[in-house]
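Quick note: to get this note's numbering, add 173 to the position in the sequence shown (first position is 1). Every residue gets a Cβ at the ideal spot worked out from N, C-alpha and C, and that includes glycine. On a predicted model such as this, the values are computed, not experimentally measured, just so you know. This report refers to the structure that appears directly beneath it.
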Amino acid sequence: MMFGRDLRGPLDLLIGETTEGPRSTTVDHGLIQEYKRKLINNLRCAYNVIQEHAEIEKIKQKEKYDQH
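Written as structure tokens, this is what we have:
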């Protein structure tokens, strides 16, 4: 809870949960939708990069562990 309301994070955008808020104009709505689309795309790309690097690091750590 922050400032008297529940905090919304990027994950809320991915799973589609919304909170009630003031109505926006159609111009604002279009900009918001474009921002949400870009943010979701960037988060997915970042997640994929992290997964790839995590696999590489897991292999490296296993090799180091097995040396001892």
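For my contact list, LEU186 and ILE213 are in at a C-beta cut-off of 8 Å; report their separation, rounded to the angstrom. 6 Å
Pairwise C-alpha distance: ARG181 and MET175: Low per-residue confidence applies at MET175: pLDDT is 46, beneath 50, and the placement is therefore not dependable, though the value from the model is reported in the following sentence. Each residue's alpha carbon lies about 10 Å from the other.
Could you compute how far the alpha carbon of ARG217 sits from the alpha carbon of GLN234? 25 Å
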